Amino acid sequence: MKRLETLAVIAHDMGIIFKFLGVITLVPFVVLFIFEEWEMVVPLASVPLTFLLLGLLISRIPRREYVPQISVALAAVALIWLAIAVVGALPFVIGVHMSWTDSIFEAMSGWTGTGFTVIGTLDSTPKTLLFWRSFMQWVGGVGVIAFGIAMLSRSSLMQHQLYRSEGRSEELMPSVVSTGRRMWVIYLFLTVVFTGMVMLSGVPLWDALNLTMVSIATGGFSLHDAGMAYYHNVVLEGLLIPVMIAGALPFKLYFLMYRGKLRPFFRDRVVHLILALALVGSAVVTLDLHIFNNFPLETAVRQGFFCTISGLTCTGLQNSDLHWVAGPLIVITILMMIGGAAGSTSGGIKANRVILGYEGLVWWFRRFFARGKEMVPFRHEGKVIPTRISEVELSKNMLIIVLYVLIIFVATVIGLHLAATDFKVHEVVFEEVSTMSNVGLGLGYLVPTSPLSTKWIFIFLMWIGRLEIIPVLILAMGLVRGFEARVKGSRK
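Quick note: the sequence shown uses my numbering, first residue 7, plus one each step.
Right, dumping it as structure tokens:
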């Protein structure tokens, strides 16, 4: 079977996703009309028109009589995310005449919720374009596949595989369609509530809405060149902390709370780990800033807690230039690698994998020291998991972690050769981890005038990090070796 022909198995579902992206990307026109930025009509219209055209063209590809394989879904998701980055770049290219590299960088940073920017004049950028950046992060936070599936009328095996291939694992309802819809209702509700809460700090509705959108999506795009420093508002920073944490927690818990089940939230080990890391990590960074950086205690607490939690939740908002000594930067680097929970808008390796990795390590040591033929069961979430399944799941878990570290290592080696001479190893590692975990905290390594090679490396890291590596590898292997597929009805 030809390499690209295999993707025809999934063309219909891909077409539906692009069509609904074409519909949802009409929302920013509300901002355009409010601020009367008529010069942005064509740049903004290029996005929904292109998505709709793509959806119509792809949907017309004849269906192939093959059983949809998970490898095809994985490759398709990787392609979809590449496509939305290119389409999302159009307003920047047409509207403010940015280069294609910078525009794709900005769009990829938006959709993946990373938050790095190569726009050096945010204060003079049209508000329509600023909202487009926030909107990309807000939609990309839950996932464009999850959104598209939420709009469907029924579920199918292929849609389920697409959903899981994007890195989603939560299943609140019997079907992925119902799950997707519930997630978006919860997401919209949280956005509205938190916008009202953020307005209590005294910022206007425009700022509150955009800050909430990028915080609940753990994205981190700013409206101003100075970032959070523009506001000089400690109350605002304090109110954004729970918004960032909310975005990093599993959405299934909000669904259970909506149904009156509060106990799972307080008993969830992932929640315990994230809150513990936030508290302990913030305390360590604060003490380090106060003692070794000679920061006043008030400044150390303010910057330490905000930047640490922003890093852990993979949001990327920062109220400091982060020109600190190595200690606190290393702590935040580790927290960025861990990230938030699976089933949240956060990036990183995920707290769930850290817990599973720890349980696996303990299990392996217990088996190693077991007496004779003593059977040592593997327990996860209070349940005994069969040994064969445990070994497979632990291997998959460790594969992601090892690949993540390996990619960071290679990117760091390359980054050190491309970096300015005043950047140290731990600072380059910080930037690479921030990129691959879709965080966006930066030390100034990436600037609008950075070389094209640096920008494309960052684009690749944002892409592969958002999809948790495997879909991108499957796409590369499939294009080289071809995809496996079998004819419907075949037992082979």
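Heads up, the beta-carbon is just placed ideally off N, CA and C, and yes, glycines get one too.
As the structure is a prediction and not an experimental result, all values here were calculated from the model.
Annotation: F122 to R275 spans about 31 Å, alpha carbon to alpha carbon. Annotation for K389: the continuous beta strand (DSSP E) segment containing it runs K389 to I391. Residue burial annotation: I297 is exposed, with fewer than 16 other C-beta atoms found within 10 angstroms of its C-beta. Of the residues I22, I470, V486 and I475, the one whose Cα lies closest to the Cα of A91 is I470.
Of the residues assessed, I23 falls on the buried side of the cut-off, its CB having 16 or more other CB atoms within 10 angstroms. With respect to the 9 Å criterion, S140 and G225 are classified as neighbours on the basis of their beta carbons. Residue burial annotation: M381 is exposed, with fewer than 16 other C-beta atoms found within 10 angstroms of its C-beta.
Residue range R275 to I297 is occupied by the alpha helix (DSSP H) that includes H278. Excluding residues up to 5 positions away in sequence, L50, T134, F137, W138 and F141 lie with their Cβ nearer than 7 Å to the Cβ of P34 in the same chain. In the structure shown, F41 adopts helical secondary structure according to DSSP, grouped into three states. Look at F384 here: in three-state DSSP terms it is strand. If you compare the alpha carbons of G266, C320, Y264 and Y260 with that of V220, the shortest gap goes to C320. S207 has its alpha-carbon roughly 16 Å from the corresponding atom of T197. Cα atoms of Y260 and I192: separation of roughly 7 Å, rounded to the nearest angstrom. S221: member of the alpha helix (DSSP H) spanning L211 to I222, first to last residue. Three or more beta-carbon pairs separated by less than 8 Å link the stretch 229-243 to the stretch 321-329, which places the two stretches in contact.
Rounded to the nearest whole angstrom, the CA to CA distance from E243 to L485 is 46 Å.
Around the beta-carbon of E387, fewer than 16 other beta-carbon atoms lie within 10 Å, marking it exposed. A check of alpha carbon separations from F312 across I280, P248 and L367 identifies P248 as the nearest.
The alpha-carbon separation between W190 and W144 amounts to approximately 11 Å.
The beta carbon of L409 is closer than 6 Å to those of I475 in its chain, skipping five residues each way along the sequence. When C-beta atoms of the stretch 285-299 are compared with those of the stretch 415-427, fewer than three pairs fall below 8 Å, so the two segments do not count as touching.
Under the 8 Å Cβ criterion, the stretch 356-376 does not count as touching the stretch 301-315, having fewer than three qualifying pairs. Spanning the alpha carbons of I222 and S401 requires a straight line of approximately 32 Å.
Between the alpha carbons of I16 and Q75 lies a distance of about 10 Å. Just so you know, the alpha carbons of P132 and E43 end up roughly 7 Å apart. Within the same chain, H296 come within 6 Å of L303 by CB-CB distance, once the 5 residues on both sides are set aside.
For I475, there is no enclosing alpha helix (DSSP H), as DSSP marks it with neither H nor E.
For D231, the three-state secondary structure derived from DSSP is coil. If you compare the alpha carbons of E399, F227, M20 and L449 with that of A82, the shortest gap goes to M20.
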